[in-house]
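At the far end of the sequence shown sits residue 791, using my numbering, and the numbering has no gaps.
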Amino acid sequence: MNGNILNNLGSLPAVFSHGSGSELFDVDGKGYIDFVSGIGVNCLGHAHPALVKAVGEQAARMIHVSNYYNSDKGLEFSKALLGKTGMDRVFFGNSGAEANEAAIKIARKMGHASDKAAGKPEGTRKVIVTLEKSFHGRTVTTLSATGQDKFHDPAFAPYTPGFRHIARNDPGSLDGAFDETTCAFMLECVQGEGGVNLVDAGWAKAACEAARKAGAIVIVDEVQTGVGRTGRFLASEEFGVDPDVVTLAKGIAGGVPMGACLARGKAADILVAGDHQSTFGGNPLACAAGLAVLDELSKPGFLAKVAEKGDYIRSKVSAWKLPCVADVRGKGLMIGIDVTGTAKGPATAAEIQKACLKAGLCVSTAGPQTIRFLPPLVVTMEEIDRGLEIFKTALAG
Ligand SMILES: Cc1ncc(COP(=O)(O)O)c(C=O)c1O
């Protein structure tokens, strides 16, 4: 426990001081295999030489310059990111929630413009449809976008109006989902916080088509799935979703805080000077880190390896055929394992997480009975095997 921090964060009993590759070390020198990577952030693991060099060199040149101006690294990184994703323009912020706030503002302003063009009363096209079990952030508006009741605590009301949640993969949920009131459809192709749930590609395609037919844009929240996590640079590539707006954060700068909202076509042109801003967004330090991440991920075979390592983990855990493992799923290195608990061992995901930590493995949870693995994308087969051995032992209790 750290009594200096507000009580809203529950902390596990470990105090880390440094890391190397996919290993973390606590202040007592104990080593841990890291299957969390800062909740999908440290995609290059810890102390990756290219990232260390890029951040160090940039810190020695210029850490920040207000976005009154451009920076060389800002121009370089935005060009590289747009080249990688095929999008037209990008807004840089500092977190996933901030990237989603920008996406929501783009959608709302497009709805406003569409009302005007169609001669409809102002405020007609304002609704954003998102998925049940989705997670889009912790600001009041992104909580409203989030399709989970547990995040709509009346203590923090009033929430932002104008969001509707529909069931994922249910063809019936598309009946009447999109109409003249809808300005956007926003989805995660793999829901991270909601339990590592995959969207069905056929359903996602039909949903996007229905949204577009009704005049809405498509936003993909790739805050957790993006930047190679699922074995593609964007998960939406794999699911056949062709977005107007993409949001990224987490792994984008390997641990230096950064969020990005990328847009194409009309969505890329709708915001004008003064519409949106963020003091730290896209500063040269974060952009230098982002460039180093992009360089590594663009190396031949890097993303294919991510997919292979994910398949290996899933097939290995499935092959154990443990009665306490109810399901293993995911894409690339975004893996969900439903656990039922054993008579003598830990029963819940939180208990398993604690048991793993004690034994030297960091894992995450995604719901009361779901363990989530988000190892660094550079995790080695040897580290995977060591981590899985600890996990198996912890499951047995
Ligand atoms: C899909 C998704 N969107 C948005 C967020 C919010 O990101 P941040 O915590 O950086 O604001 C998260 C965080 O877990 C996420 O997984």
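C-beta atoms are modelled at their ideal positions from N, C-alpha and C, and glycine is treated no differently.
Cβ neighbours of alanine 578 in the same chain (closer than 6 Å, five flanking residues each side left out): Locating residue 578 in the sequence shown gives position 184, counting from the first residue. Here alanine 578 has Ala501, Ile522, Ala610, Ile611, Ile613 as same chain residues with Cβ atoms under 6 Å from its own Cβ, once five neighbours each way along the sequence are excluded.
Minimum length 3: unbroken beta strand (DSSP E) runs contained in the region 645-671: Within the region 645-671, the runs of beta strand (DSSP E) at least 3 residues long that lie entirely inside it are, in chain order, 653-657.
Exposure label - threonine 673; buried when at least 16 CB within 10 Å: Counting from 1 along the sequence shown, the entry for residue 673 is found at position 279. Result: exposed.
Contact between the region 430-441 and the region 660-676 (3+ Cβ pairs under 8 Å): Three or more beta-carbon pairs separated by less than 8 Å are not found between the region 430-441 and the region 660-676, which leaves the two stretches without contact.
C-alpha gap between aspartate 509 and lysine 660, whole angstroms: Taking the first residue of the sequence shown as 1, we reach residue 509 at position 115. Taking the first residue of the sequence shown as 1, we reach residue 660 at position 266. Those two C-alpha atoms are separated by around 15 Å.
Cβ-Cβ separation, alanine 493 to leucine 642 (assumed contact under 8 Å), whole Å: The count along the sequence shown starts at 1 and reaches residue 642 at position 248. The count along the sequence shown starts at 1 and reaches residue 493 at position 99. Sure, about 6 Å apart at Cβ, within 8 Å.
Inter-stretch contact (C-beta, 8 Å, three-pair minimum) for the region 771-787 and the region 748-755: Taking 8 Å as the limit for Cβ pairs, the verdict is that the region 748-755 does touch the region 771-787.
Threonine 619 - partner residues in DSSP beta bridges: Taking the first residue of the sequence shown as 1, we reach residue 619 at position 225. Looking at the DSSP assignment, threonine 619 forms no beta bridge with any residue, so it has no partner.
Selection from Pro555, Glu776, Ser414, Asp663 that minimises the alpha carbon distance to tyrosine 706: Position 312 of the sequence shown, counted from the first residue, corresponds to residue 706. The closest CA to that of tyrosine 706, considering only Pro555, Glu776, Ser414, Asp663, is found on Glu776.
Residue range of the alpha helix (DSSP H) that includes glycine 434: Reading the sequence shown from its first residue, position 40 is the one you call residue 434. Under the DSSP assignment, glycine 434 falls in the alpha helix (DSSP H) whose first and last residues are 431-434.
Any non-hydrogen atom of ligand 1 closer than 7 Å to histidine 546 Cβ: Here residue 546 refers to the residue found at position 152 of the sequence shown. No, the Cβ of histidine 546 stays beyond 7 Å of every heavy atom of ligand 1.
As assigned by DSSP and simplified to three states, the class of lysine 786: For the purposes of this step, residue 786 is identified with residue 392 of the sequence shown, where counting begins at 1. Under the three-state reduction of DSSP output, lysine 786 falls in the helix class.
Any non-hydrogen atom of ligand 1 within 7 Å of serine 672 CB: Residue mapping note: residue 672 aligns to position 278 of the sequence shown, counting from 1. No, the beta carbon of serine 672 sits no closer than 7 Å to any heavy atom of ligand 1.
Separation of threonine 535 from proline 548, as counted between CA atoms: By 1-based counting over the sequence shown, the position of residue 548 is 154. By 1-based counting over the sequence shown, the position of residue 535 is 141. When rounded, the separation of the alpha-carbon atoms in proline 548 and threonine 535 is 14 Å.
Of the listed residues Val711, Val700, Ala741, Ser465, nearest to threonine 774 (C-alpha basis): Position 380 of the sequence shown, counted from the first residue, corresponds to residue 774. Checking every option, the nearest Cα to that of threonine 774 belongs to Val700.
Counted within 10 angstroms of its Cβ, other Cβ atoms place asparagine 591 as buried (16 or more) or exposed: Position 197 of the sequence shown, counted from the start, is the residue given in the question as residue 591. Buried: at least 16 other Cβ atoms inside 10 Å.
Straight-line gap, isoleucine 399 to threonine 554 (C-alpha atoms, nearest Å): Along the sequence shown, one-based indexing puts residue 399 at 5. Along the sequence shown, one-based indexing puts residue 554 at 160. If you take the alpha carbons of isoleucine 399 and threonine 554, they lie about 28 Å apart.
Spatial neighbours of leucine 418 in its chain, beta-carbon cut-off 6 Å, leaving aside the 5 residues before and after: Residue 418 sits at position 24 when you count from the first residue of the sequence shown. Counting only residues of its own chain and dropping the five nearest sequence neighbours on each side, leucine 418 has a CB closer than 6 Å to the CB of Phe410, Tyr426, Asp428.
Histidine 458 burial status per 10 Å Cβ neighbour count (16 or more: buried): The residue you call residue 458 lines up with position 64 of the sequence shown. Exposed, by the Cβ-count rule.
Inter-stretch contact at 8 Å, needing at least 3 Cβ pairs: the region 556-568 / the region 627-634: Not touching, per the Cβ criterion.
Residues bridged to glutamine 452 (per DSSP): On the sequence shown, residue 452 is found 58 positions in, with the first residue counted as 1. Bridge partners of glutamine 452: none, in fact.
Per DSSP, cross-strand counterpart(s) of methionine 580: Working through the sequence shown from its first residue, we reach residue 580 at position 186. In the DSSP output, where bridge partners are listed per residue, methionine 580 has Ile613.
Status (buried if at least 16 other CB within 10 Å, exposed otherwise) for threonine 734: Working through the sequence shown from its first residue, we reach residue 734 at position 340. By the neighbour-count rule (16 or more Cβ atoms within 10 Å), threonine 734 is not buried but exposed.
Top-ranked residue by Cα proximity to isoleucine 731, from Ile765, Ser414, Leu403: Here the question's residue 731 lines up with position 337 in the sequence shown. Among Ile765, Ser414, Leu403, the Cα nearest to that of isoleucine 731 belongs to Ile765.
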